[in-house]
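S.K.: Below: one structure in structure tokens.
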């Protein structure tokens, strides 16, 4: 005789779900901490670059001795024990690689000190200040976007928890109603058997007395049987009602399960990547590229003996790549950015059905819901396409702003008889106050519009542009399930 199957209790299922959600919540917290750390490291890197060029401008007049001293100062800093973890974790990123090559190049510099000092102080350093300010501002907005995405994800998980609890409740009610129905059936069988035995055991009596007694006894038995039949009918109706509710609740649970897994997949595979690409790193690498190319434009006008080192730095600047740095970052913190395990269907009290039930009267309801879902998805897709086009156009505008090729300072080295002409040329370059004010105003206005459009994209569909395609896939599978189950 086989032992009865052991089913997970409600508390065990809820505990497993809570554990999985707790792990995801911990991951979400660690993701923000990781991005915070990257922002701090980025600010520190930009601050180091500013300090570096400021100090370099001061010591240009003293030439090689002070330049060597400066290089050793920062090289020693990168070799210090305090910064070992920073160096270990960050040396694979392209901006840090540029920084390391830059320090090596300082040792071999032989420059026109006045011109370089002017460029360092009035061009390169303000660029790094701007990049630092832009990065801080964009990171703040990106963190708000990330928090909203995480809040949406947790809302989906909470909705799954509610649907699962409802399914457990209705399934338990169905099992209870089934048990009561079986009990009523047993009582009915027992009452019928008892009535038959009483009729068999009755002794013969006079016609008049026998007729009266039998009539009374039959009346009592019929009344008792009717009561039991009514109780059975009520319990049968109750069981049918609860069973239907349980089936609907299970269908809702399975649909919510698919939607939740799709949301979790979208967040880890698409949203996180987009958050780093289009928010955290928006313009950072391009702006850093421009600042460093300004430095390169000045250095490439020096003696031919410097070209070898400068070519190495130029190659590193050419390799400034947000996608590669993002991939390296995710690889370094793989445990934080990897997607969690999918949520699996948890059978309740022996209910092993893990697919949608489409028998009547649930089938018509499912078909109607599928049609409504497909209609809604079509509308959402059209709306998302329009918003997506606007967002892409705005993003391209921002990219055009931050990738403008304004780093060529070769005109600064066209010396005339008077140094005043050199100073005048420098002052008319990128960092002139009217020019920078206009550029920054346009950039910030475009950024604000971009984040507004991005927020609109999130509101149009709670799962975003990519999520619409996921829902379309779910709808197709939905129709296929109904066709098979029918």
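Numbering (the numbering used here), first residue to last: 220 to 705. Where a beta carbon is used, it is the ideal one built from N, C-alpha and C, also for glycine.
(1) CA-CA distance, residue 526 and residue 557?
(2) If you reduce the DSSP assignment to three classes, tell me which class residue 619 lands in.
(3) Distance, Cα to Cα, residue 646 vs residue 491?
(4) Taking 7 Å as the limit between beta carbons, can you name the residues of its chain near residue 475, skipping five residues before and five after?
(5) Nearest to residue 548 by CA position, among 470, 256, 284, 237, is which residue?
(6) Do residue 552 and residue 468 count as a contact pair if the criterion is CB distance below 8 Å?
(7) Tell me the DSSP secondary structure of residue 570 in three-state form.
(8) Just to confirm my understanding: we take residue 394, look at its own chain, exclude 5 residues before and 5 after, and list those with CB closer than 6 Å. What are they?
(9) Quick one: what does DSSP say residue 501 is sitting in, helix, strand or coil?
(10) Run through DSSP, which three-state label would residue 328 get?
(11) Residue 243 lies in the alpha helix (DSSP H); which residues open and close that run?
(12) Report, in whole angstroms, the separation of the C-beta atoms of residue 396 and residue 461, which I expect to be a contact under 8 Å.
(13) Which of helix, strand or coil does DSSP assign to residue 378?
(14) Going by beta carbon distance, what residues of the same chain come within less than 8 Å of residue 448, once the five residues before and after it are set aside?
(15) Where residue 506 and residue 352 are concerned, what is the direct C-alpha to C-alpha distance, given to the nearest angstrom?
(16) Using only the alpha-carbon positions, how far apart do residue 241 and residue 612 sit?
(17) Short of 6 Å in beta carbon distance, which residues of its chain neighbour residue 432, apart from the five on each side in sequence? Order them along the chain.
(18) Give every residue of the same chain whose Cβ lies closer than 7 Å to the Cβ of residue 519, excluding the five residues on either side of it in the sequence, and list them in chain order.
(19) Please say whether residue 482 and residue 368 have beta carbons closer to each other than 8 Å?
(20) Alpha carbon to alpha carbon, what distance is there between residue 290 and residue 684?
(21) Residue 361 and residue 494 - do their beta-carbons sit closer together than 8 Å?
(22) What's the C-alpha gap between residue 296 and residue 599?
(23) In this structure, how does DSSP classify residue 626 when only helix, strand and coil are distinguished?
(24) Could you spell out where the alpha helix (DSSP H) holding residue 545 opens and where it closes?
(25) What distance in whole Å lies between the Cβ atoms of residue 313 and residue 535, which are believed to be in contact at a cut-off of 8 Å?
(26) Do you know offhand how far residue 561's Cα is from residue 480's?
(27) Could you tell me the distance, in whole angstroms, from the CA atom of residue 488 to the CA atom of residue 559?
(28) Would residue 253 and residue 357 qualify as a contact pair, given that the criterion is a beta-carbon distance under 8 Å?
(29) Can you grab the Cα-Cα spacing for the pair residue 712 / residue 233, in whole Å?
(30) Return helix, strand or coil for residue 226, following the three-state DSSP convention.
(31) Determine the direct distance from the alpha carbon of residue 616 to that of residue 542, and round the result to whole angstroms.
(32) How far does the alpha helix (DSSP H) with residue 286 in it reach, from first residue to last?
(33) Following the continuous alpha helix (DSSP H) through residue 491, name the residue where it begins and the one where it ends.
(34) Give the single residue among 618, 410, 286 whose Cα lies nearest to the Cα of residue 443.
(35) Can you name, in chain order, every residue of its own chain whose Cβ lies under 8 Å from the Cβ of residue 608, other than the five neighbours on each side?
(36) Less than 8 Å between C-beta atoms, sequence neighbours within five positions excluded: which residues of the same chain meet that for residue 262?
M.R.: This is what the structure gives:
(1) Rounded to the nearest whole angstrom, the C-alpha separation of residue 526 and residue 557 is 43 Å.
(2) If DSSP states are grouped into helix, strand and coil, residue 619 belongs with the helices.
(3) Caution applies to residue 646, whose pLDDT of 48 falls short of 50 and renders its modelled position unreliable; the value that the coordinates give is listed next. Taking C-alpha positions only, residue 646 is separated from residue 491 by approximately 42 Å.
(4) Take residue 475, set aside five residues on each side of it, and the residues of its chain with a beta-carbon closer than 7 Å to its own are 378, 379, 382, in chain order.
(5) Nearest C-alpha to residue 548 among 470, 256, 284, 237: 256.
(6) No. Outside cutoff.
(7) Reduced to three states, the DSSP call for residue 570 is strand.
(8) Excluding five sequence positions before and after residue 394, the CB atoms of its chain that fall closer than 6 Å to its own CB belong to 568, given in chain order.
(9) In this structure, residue 501 counts as coil in the three-state DSSP scheme.
(10) Collapsing the DSSP output to three states places residue 328 in coil.
(11) Its alpha helix (DSSP H) spans residues 229-278.
(12) With a beta-carbon spacing of about 4 Å, residue 396 and residue 461 fall inside the 8 Å limit used to define contacts.
(13) In the structure shown, residue 378 sits in a helix (DSSP, three-state: H, G or I).
(14) Taken in chain order, the residues that qualify are 407.
(15) Looking at the two C-alpha atoms, the distance is approximately 11 Å.
(16) Those two C-alpha atoms are separated by around 39 Å.
(17) Model confidence at residue 432 stands at a pLDDT of 49, short of 50, so the residue's coordinates are unreliable; what they give is reported in the following sentence. Nothing listed; no residue qualifies.
(18) Non-local C-beta neighbours of residue 519 in its own chain, meaning closer than 7 Å and more than five positions away in sequence, comprise 529, ordered along the chain.
(19) The answer is no: Cβ separation not under 8 Å.
(20) Note that residue 684 scores a pLDDT of 46, beneath 50, so its modelled location is shaky; the value from the coordinates is reported in the next line. Between the alpha carbons of residue 684 and residue 290 lies a distance of about 49 Å.
(21) Taking 8 Å as the cut-off, the beta carbon of residue 494 is found closer than this to the beta carbon of residue 361.
(22) If you take the alpha carbons of residue 296 and residue 599, they lie about 54 Å apart.
(23) Correct three-state label for residue 626: coil.
(24) For residue 545, the enclosing alpha helix (DSSP H) has its first and last residue at 541-551.
(25) Right, their Cβ atoms sit about 7 Å apart.
(26) Using only the alpha carbons, I get a separation of about 6 Å.
(27) Going by the C-alpha atoms only, they are around 11 Å apart.
(28) Against a cut-off of 8 Å, the Cβ pair of residue 357 and residue 253 comes out as no contact.
(29) The requested residue 712 is not part of the displayed model; the chain covers only 220 to 705.
(30) It is coil, neither helix nor strand.
(31) Separation of residue 542 and residue 616 (C-alpha to C-alpha, rounded to the nearest whole angstrom) is 19 Å.
(32) In the DSSP annotation of this structure, the continuous segment of the alpha helix (DSSP H) that includes residue 286 starts and ends at 283-298.
(33) Residue 491 -> alpha helix (DSSP H) spans 491-494.
(34) Looking at 618, 410, 286, the one whose alpha-carbon comes closest to that of residue 443 is 410.
(35) Once the five neighbours on either side are set aside, residue 608 has no close Cβ partner at all.
(36) Excluding sequence neighbours, residue 262 sits near 351, 354, 355.
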